[in-house]
Amino acid sequence: KGGKLELDGEILGDPAAEFSGPLPLAIDITPAVADQALAAGASAVVAYHPPLWSPIRRLTPDTPKGASLLRLLATGVAVYSPHTALDAAPGGVTDWLCDMLAEPGADPRALGDRRPLSVHAQRDPNATHKIVTFVPADAADRVRDALASVGAGRIGRYLQCSFSSPGVGTFFGDDTTRPAVGEAGSLQTADELRLEMVCPEAALALAVEMLRRFHPYEEPAFDIVPLAPKPRRDAGAGRRLTLDRPTDAQTLARRLRENLGVDAVKLAAASDEPVARVGVCPGAGAALLDAAVADGCTLFVTGEMRHHEALDALARGCSVLLAGHTNTERGYLPHYAERINSLLPDARARTLDADRPIFRTLA
Numbered sequence: 025k026g027g028k029l030e031l032d033g034e035i036l037g038d039p040a041a042e043f044s045g046p047l048p049l050a051i052d053i054t055p056a057v058a059d060q061a062l063a064a065g066a067s068a069v070v071a072y073h074p075p076l077w078s079p080i081r082r083l084t085p086d087t088p089k090g091a092s093l094l095r096l097l098a099t100g101v102a103v104y105s106p107h108t109a110l111d112a113a114p115g116g117v118t119d120w121l122c123d124m125l126a127e128p129g130a131d132p133r134a135l136g137d138r139r140p141l142s143v144h145a146q147r148d149p150n151a152t153h154k155i156v157t158f159v160p161a162d163a164a165d166r167v168r169d170a171l172a173s174v175g176a177g178r179i180g181r182y183l184q185c186s187f188s189s190p191g192v193g194t195f196f197g198d199d200t201t202r203p204a205v206g207e208a209g210s211l212q213t214a215d216e217l218r219l220e221m222v223c224p225e226a227a228l229a230l231a232v233e234m235l236r237r238f239h240p241y242e243e244p245a246f247d248i249v250p251l252a253p254k255p256r257r258d259a260g261a262g263r264r265l266t267l268d269r270p271t272d273a274q275t276l277a278r279r280l281r282e283n284l285g286v287d288a289v290k291l292a293a294a295s296d297e298p299v300a301r302v303g304v305c306p307g308a309g310a311a312l313l314d315a316a317v318a319d320g321c322t323l324f325v326t327g328e329m330r331h332h333e334a335l336d337a338l339a340r341g342c343s344v345l346l347a348g349h350t351n352t353e354r355g356y357l358p359h360y361a362e363r364i365n366s367l368l369p370d371a372r373a374r375t376l377d378a379d380r381p382i383f384r385t386l387a
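25 is the number of the first residue of the sequence shown in my numbering; add one for each residue after it.
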């Protein structure tokens, strides 16, 4: 059935356009992929690699890519590219590639612990800062409600979230002050509550205004504390796979070749010692080599690396296992189609026959 498809990674098309299946999936937009998508009557295509990667000055039919994109655009077919977001997501391309290191037919969950090489930290837009103030107990509810009315204290689907703890405050007001409790001109103590609430950055100014308006003190004390993004252990670029059973690199290479169903993989071995930690990144993953070595990985699995990058890894005691750029990505697409269809059955997501590896191994 028709509907609106929300695409944060949309590269081409109108986000407000009506969407209907089928939804073809491919690694790259090629003329053959564009032909098959148009023949299928698709209104959107998922291309794992963004077809517009580098800045361009013009889009014309003078190149195969330009011609393909203009044909899709003219027919109203949108192009969505998940790429690195899909790599970093839990259960995404990188986790799938880790699974390919398991013994064929074995449960990949038994391989060992895995975590990102570069951890994704997520900032809650409703909790970018925390407001901390100190208020008499009988006024705490009034101040809390005032702050909540402008957006403070929202955590997920919960509203008016706060924390308070008792303490004793001191102050000395000069002769011009009119304290709400105690007297001016001498040191005073007051029983207070420390009241804390998260707050979105956009609401900070209004929150401060509301705090001053509803706080009983002439000069309320308060702090605004910026909050760090919260890291997720299951999301981020690359993976560090700690094997429960250390295994030699040649065995891991054999497993990878068999599970991917490719003719050959390439191994540059720094040592014959069993591997306990493996760095994994689909595609061209050299940018994560430093993180892998720093995390104690003695094998780095990716699609492709340049000669001197591999030499650098070997010099640092890290073997390199290469399976080909798209070989470390394309096999995930059927799983991706299943995930999409489980959430949006009407999408009828499927891979395309026209999406094929561009290299083959000749004996």
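Note that beta-carbon positions come from the ideal geometry of N, C-alpha and C, so glycine has one too.
Note that the structure is a prediction, hence the values are computed from the model and not measured.
Counted as a single uninterrupted DSSP element, the stretch harbouring L312 is not any beta strand (DSSP E), since DSSP gives it neither H nor E.
Rounded to whole angstroms, the Cβ separation of C122 and V304 is 5 Å, and the two are in contact under 8 Å.
An exposed status is given to R202, since fewer than 16 other beta-carbon atoms sit within 10 Å of its beta-carbon.
Across the set Q212, A277, P306, the C-alpha of P306 shows the shortest separation from the C-alpha of H73.
Between G177 and S186, the gap from beta carbon to beta carbon is short of 7 Å.
Its Cα nearest to that of I51, the residue Y360 stands out among C342, Y360, R82, S366. Secondary structure of M124 (DSSP, three-state): coil. Annotation: L83 is outside any alpha helix (DSSP H) and is labelled neither H nor E by DSSP.
Contact annotation: L345 and G262 have beta-carbon atoms that are not nearer than 7 Å.
Beyond the five residues adjoining it in sequence on each side, P250 comes within less than 6 Å, by CB distance, of H153 in the same chain, given in chain order.
By the Cβ test, the region 125–133 is not in contact with the region 158–169, since fewer than three Cβ pairs between them sit closer than 8 Å. Residue range 343–346 is occupied by the beta strand (DSSP E) that includes S343.
Taken atom to atom, the span from the alpha-carbon of A378 to that of H349 is near 18 Å. In the structure shown, the three-state DSSP call for G355 is helix.
With 16 or more other Cβ atoms from the protein chains shown falling within 10 Å of its own Cβ, H239 counts as buried. By the CB criterion at 7 Å, H144 and A109 fall outside the cutoff. The straight-line gap separating the alpha-carbon atoms of E282 and G320 is approximately 26 Å.
Annotation note: the region 275–331 contains the following uninterrupted alpha helix (DSSP H) runs of length 4 or greater, listed N- to C-terminal: 313–318. Taking the Cα positions, A334 is about 8 Å away from S343.
In the three-state reduction of the DSSP assignment, S142 falls in the strand class. Looking at the DSSP output, Q212 bridges to F195.
Looking at the backbone, the Cα of N351 and that of E42 are separated by about 33 Å.
DSSP, reduced to helix, strand and coil, places A130 outside both helices and strands of the structure shown, so it counts as coil. Residue ranges of uninterrupted beta strand (DSSP E) with 3 or more members, entirely inside the region 215–278 and ordered along the chain, are 246–250, 254–261, 263–271. Going by beta carbons, A227 and V174 fall inside the 7 Å limit. Between I364 and I248, the CB-CB gap reaches or exceeds 7 Å. Taking all protein chains in view, the Cβ of S189 is surrounded by fewer than 16 other Cβ atoms within 10 Å, so the residue is classified as exposed. Per the Cβ contact rule, the region 80–97 is not in contact with the region 228–236 (fewer than 3 Cβ pairs under 8 Å). Distance between A387 and V286, taken at the CA atoms: about 13 Å. If you draw a 10 Å sphere on the C-beta of A98, you find fewer than 16 other C-beta atoms in it, and that means exposed.
Bridge pairing for P190: L217 [DSSP].
By the Cβ-count criterion, L235 is buried, with 16 or more other Cβ atoms from all chains shown falling within 10 Å of its own Cβ. Assignment of L49 by DSSP, reduced to helix, strand and coil, places it in the strand class.
Look at the region 144–174 and you find these whole runs of beta strand (DSSP E), each 3 residues long or longer: 153–159. The residue from A66, V57, S92, I35 with its alpha-carbon nearest to that of S78 is I35. According to the DSSP assignment, V70 belongs to the beta strand (DSSP E) that extends over 68–71.
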